[in-house]
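A.B. asks: I have a structure I would like to understand better, so I am pasting it below and will then ask my questions one at a time.
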Amino acid sequence: MHDQEELIARVKGLDDLLGKYEMKRMLGDENDAGNAIAYINAGAGGTEAQDWVEMLLRMYLKWAEKNGYETQVVDLLPGEEAGVKNVT
Numbered sequence: 036m037h038d039q040e041e042l043i044a045r046v047k048g049l050d051d052l053l054g055k056y057e058m059k060r061m062l063g064d065e066n067d068a069g070n071a072i073a074y075i076n077a078g079a080g081g082t083e084a085q086d087w088v089e090m091l092l093r094m095y096l097k098w099a100e101k102n103g104y105e106t107q108v109v110d111l112l113p114g115e116e117a118g119v120k121n122v123t
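Structure representation (structure tokens):
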């Protein structure tokens, strides 16, 4: 049983390492060091769509922070009841 647990832990470690390598490979082009502008828009959706925009914003900001990227919110239009209508 101990060998199986150790094997599972090693496979998980390899999977995590592979995921990091794949991300570095995807973002390894010479142009990938440049800036990017992301725009998220709730469109014609209501409160749920605006909540989704806010969740996406938090997700992208956390991902960028975790991966060492600088971020700046340039423009944000809050929703009338909740969430965010659009953000750049």
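Using our numbering, the first residue of the sequence shown is number 36, and each one after it goes up by one. Cβ atoms here follow ideal geometry from the backbone N, Cα and C, with glycine treated the same way.
Can you check whether the CB of Val108 is closer than 9 Å to the CB of Gln85?
C.D. replies: Taking 9 Å as the Cβ cut-off, Gln85 and Val108 do not qualify as a contacting pair.
A.B. asks: By DSSP's criteria, Val122 is part of a beta bridge. Which residues make up the other side?
C.D. replies: Ile75 and Leu111
A.B. asks: The alpha helix (DSSP H) that contains Gly80, what's its start and end?
C.D. replies: No alpha helix (DSSP H) contains Gly80, which DSSP labels as neither H nor E.
A.B. asks: Does Val88 pass the burial test, meaning 16 or more other C-beta atoms within 10 Å, or should it be called exposed?
C.D. replies: buried
A.B. asks: I think Leu92 touches Ile75, with their Cβ atoms under 8 Å apart; what is that distance to the nearest whole Å?
C.D. replies: 6 Å
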